[in-house]
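Chemist:
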Amino acid sequence: MENRSGVRRIGVLTGGGDAPGLNAVIRAVVKSAANCNCEVIGLEDSFDGLIEGDRWRRLVPRDVAGILRIGGTILGTTNRGNPFAYPIETSGGTRNYSARCVEMFHELKLDALVVIGGDGTLAIAHQFSTMGIPLVGVPKTIDNDIVETTNTFGFDTAVSFATEAIDRLHTTAEAHHRVIVVEVMGRYAGWIALYSGVAGGADGILIPEIPFDLEKVARRIRDRDHVGARFSIVVVAEGARPVGGTATVLKAANGRYVERLGGVAAKVAADIEALTGKETRTVVLGHLQRGGAPTSFDRVLATRFGARAVELLLEGAFDQMVAFHPPDIVGVPLEKIVGRTRTVPPDFDVIRTARAMGISMGD
Ligand code: F6P
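Per our numbering: the sequence shown = residues 1168 to 1530.
1) From which residue to which residue does the beta strand (DSSP E) around PHE1295 run?
2) Would you call the stretch 1464 to 1482 in contact with the stretch 1447 to 1456, where contact means no fewer than 3 C-beta pairs closer than 8 Å?
3) Pull up the distance between the alpha-carbon of THR1288 and that of LEU1501, whole angstroms please.
4) Looking only at DSSP bridge pairs, what is SER1399 linked to?
5) Answer yes if the stretch 1392 to 1407 comes into contact with the stretch 1421 to 1436, meaning at least three C-beta pairs across the two stretches below 8 Å, and no otherwise.
6) Give the DSSP bridge partners of THR1449, in chain order.
7) So what does DSSP say about PRO1228, is it helix, strand or coil?
8) For ligand 1, I want to know if ILE1309 counts as a neighbour, meaning its beta carbon is within less than 7 Å of at least one of the ligand's heavy atoms.
9) Taking Cβ positions, are VAL1499 and ILE1374 nearer each other than 8 Å?
10) Going by C-alpha to C-alpha distance, which of MET1524, CYS1205 and ALA1292 sits closest to ALA1369?
11) Threshold first: 3 residues or longer. Then list the beta strand (DSSP E) segments lying entirely within the stretch 1177 to 1240, N to C.
12) If you drop the 5 nearest sequence neighbours on each side, which residues of the same chain put their C-beta closer than 7 Å to that of ASN1318?
13) Using alpha carbons as the reference points, say which of GLY1239, ILE1372 and ILE1218 lies closest to ALA1521.
14) Can you give the Cα-Cα distance for VAL1401 and VAL1349, rounded to whole angstroms?
15) Indicate the three-state DSSP secondary structure (helix, strand or coil) for VAL1365 in the structure shown.
16) In the DSSP assignment, what residue or residues form a beta bridge with SER1527?
17) Which residue from GLY1216, ILE1177, GLU1219 and ARG1222 puts its Cα closest to that of CYS1203?
18) Could you check how far apart the C-beta atoms of PHE1485 and PRO1228 are, in whole angstroms? I think they sit under 8 Å.
19) If contacts are defined as beta-carbon pairs under 8 Å, then ALA1290 and GLY1506 qualify, I think. What distance do you get, rounded to the angstrom?
20) So for ILE1283, helix, strand or coil by DSSP?
21) So what does PHE1472 bridge to, in DSSP terms?
22) What are the boundary residues of the alpha helix (DSSP H) that VAL1431 is part of?
23) Quick one: using the 10 Å Cβ neighbour count with 16 as the cut-off for buried, is ARG1475 buried or exposed?
24) Just to confirm my understanding: we take LEU1481, look at its own chain, exclude 5 residues before and 5 after, and list those with CB closer than 8 Å. What are they?
25) Roughly how many angstroms lie between the CA atoms of GLU1270 and GLY1299, to the nearest whole one?
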């Protein structure tokens, strides 16, 4: 394609929690850039790669051969707090993180960046953009909670894994006439719980967007008992909360790290056991949802995102995020996504479908 921006040397980095498909994006950036006679520099561990002089490496197509199907990120990542808020120690003394990054960007003779990350990393990218760094963001997260795109890569893989786990739990729950409560990730959005719960045929799905009353879930479990289905599966999103209550927090935010959610399944299970008298167990899927090979859907989406990010850079369309607006991959201004979270709308069709299946949404 025509290079209208004059961008010739592109830095690429991955930030925030990892998600299956990061390597597929890196591969797509490297390959499509090479096909347009551009060089790619891989920056290690998010913006850390723009702090110390030895945290980068040139990436050519043969460096990315075979990584399409591999989880994690060959560049490493970190989900520390906002670099704009903290001074850092470098070999050259204490520096402002952001100023140092801009300095290094020029030292490395980069023309532009591809920043692959979630809402936090993309907000940081937008700040760097306002400081004059030409860049394009790529939305990544298993949580699927970034606005302006119908999908982020990683989500489909997480849902597939959770669905398989629920399938396996069904047989043991049935054998023992138990209730099993499965806790899935998603932070403050219920996308993973909703999709894996529907795909796995759960009997209850609890999401942050609909505060729960466990008596409603217990009623559904008792009803199933009465018709001879003496086991139940309840999927609970880590950010789900009871009516009038708050989400279960494992570790409070401390400035540098964001709040860590987790533990709601144990509370839900104890209450369900008390309300139904049924033996109840919990399974927390945790980081298993972030590991492993990306699904074919995520590989295709990640590849399209990476290739489109390079196209936008060559068009000179900076400060944008690539986004999936089916059937197209488009660019949207990064400022439109900063500070916003895409939660599940309460009237969403998949929620209505879940209800039509008799699944209790806890309300
Ligand atoms: O944002 C992705 C995510 O996996 C969330 O679903 C989860 O709450 C969080 O990251 C876990 O973060 P960490 O890897 O820091 O424990």
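Don't be surprised by glycine CBs; every beta carbon is placed ideally from N, CA and C.
Note that the structure is predicted; figures quoted are calculated from it, not measured.
Modeler: The relevant details are as follows:
1) One-based indexing of the sequence shown puts residue 1295 at position 128. PHE1295 -> not in any beta strand (DSSP E); alpha helix (DSSP H) instead, spanning 1286 to 1297.
2) no
3) To locate residue 1288, count along the sequence shown from 1; it is residue 121. To locate residue 1501, count along the sequence shown from 1; it is residue 334. Computed Cα separation, rounded: 11 Å.
4) Position 232 of the sequence shown, counting from 1, holds the residue named residue 1399. In the DSSP output, where bridge partners are listed per residue, SER1399 has VAL1346.
5) yes
6) Numbered from its first residue, the sequence shown carries residue 1449 at position 282. According to DSSP, THR1449 bridges with VAL1348.
7) Here residue 1228 is taken as the residue at index 61 of the sequence shown, counted from 1. The answer is helix: DSSP assigns PRO1228 an H, G or I state.
8) Residue mapping note: residue 1309 aligns to position 142 of the sequence shown, counting from 1. At least one heavy atom of ligand 1 is nearer than 7 Å to the Cβ of ILE1309, so yes.
9) Here residue 1499 refers to the residue found at position 332 when the sequence shown is read from its first residue. Here residue 1374 refers to the residue found at position 207 when the sequence shown is read from its first residue. For VAL1499 and ILE1374, no; Cβs fall outside 8 Å.
10) As a first step, residue 1369 is located in the sequence shown; it is residue number 202 there, counting from the start. It is MET1524 whose Cα lies nearest to the Cα of ALA1369.
11) 1206 to 1210 and 1223 to 1226
12) To locate residue 1318, count along the sequence shown from 1; it is residue 151. Counting only Cβ-Cβ distances below 7 Å, and skipping sequence neighbours, we find ASN1311, LEU1468 and PHE1491.
13) Locating residue 1521 in the sequence shown gives position 354, counting from the first residue. Comparing Cα-Cα distances from ALA1521 to each of GLY1239, ILE1372 and ILE1218, the minimum goes to ILE1372.
14) Here the question's residue 1401 lines up with position 234 in the sequence shown. Here the question's residue 1349 lines up with position 182 in the sequence shown. Cα to Cα, the separation comes out at about 6 Å.
15) For the purposes of this step, residue 1365 is taken as the residue at position 198 of the sequence shown. The answer is helix: DSSP assigns VAL1365 an H, G or I state.
16) Reading the sequence shown from its first residue, position 360 is the one you call residue 1527. According to DSSP, SER1527 bridges with GLY1371.
17) The residue you call residue 1203 lines up with position 36 of the sequence shown. The option with the nearest alpha carbon to CYS1203 is ILE1177.
18) Stepping through the sequence shown from its first residue, residue 1485 is reached at position 318. Stepping through the sequence shown from its first residue, residue 1228 is reached at position 61. About 25 Å; that fails the 8 Å criterion.
19) Translated into the one-based positions of the sequence shown, residue 1290 becomes position 123. Translated into the one-based positions of the sequence shown, residue 1506 becomes position 339. About 7 Å; that satisfies the 8 Å criterion.
20) By one-based count along the sequence shown, residue 1283 stands at place 116. In the structure shown, ILE1283 sits in a strand (DSSP, three-state: E or B).
21) Here residue 1472 refers to the residue found at position 305 when the sequence shown is read from its first residue. Beta-bridge pairing links PHE1472 to no other residue.
22) For the purposes of this step, residue 1431 is identified with residue 264 of the sequence shown, where counting begins at 1. That run of the alpha helix (DSSP H) goes 1431 to 1443.
23) Looking up residue 1475 in the sequence shown gives position 308. Flag for ARG1475 reads buried.
24) For the purposes of this step, residue 1481 is taken as the residue at position 314 of the sequence shown. Correct list, in chain order: MET1168, GLU1169, ASN1170, ARG1171, SER1172, VAL1174, CYS1203 and CYS1205.
25) Residue 1270 sits at position 103 when you count from the first residue of the sequence shown. Residue 1299 sits at position 132 when you count from the first residue of the sequence shown. Each residue's Cα considered, the two are about 11 Å apart.
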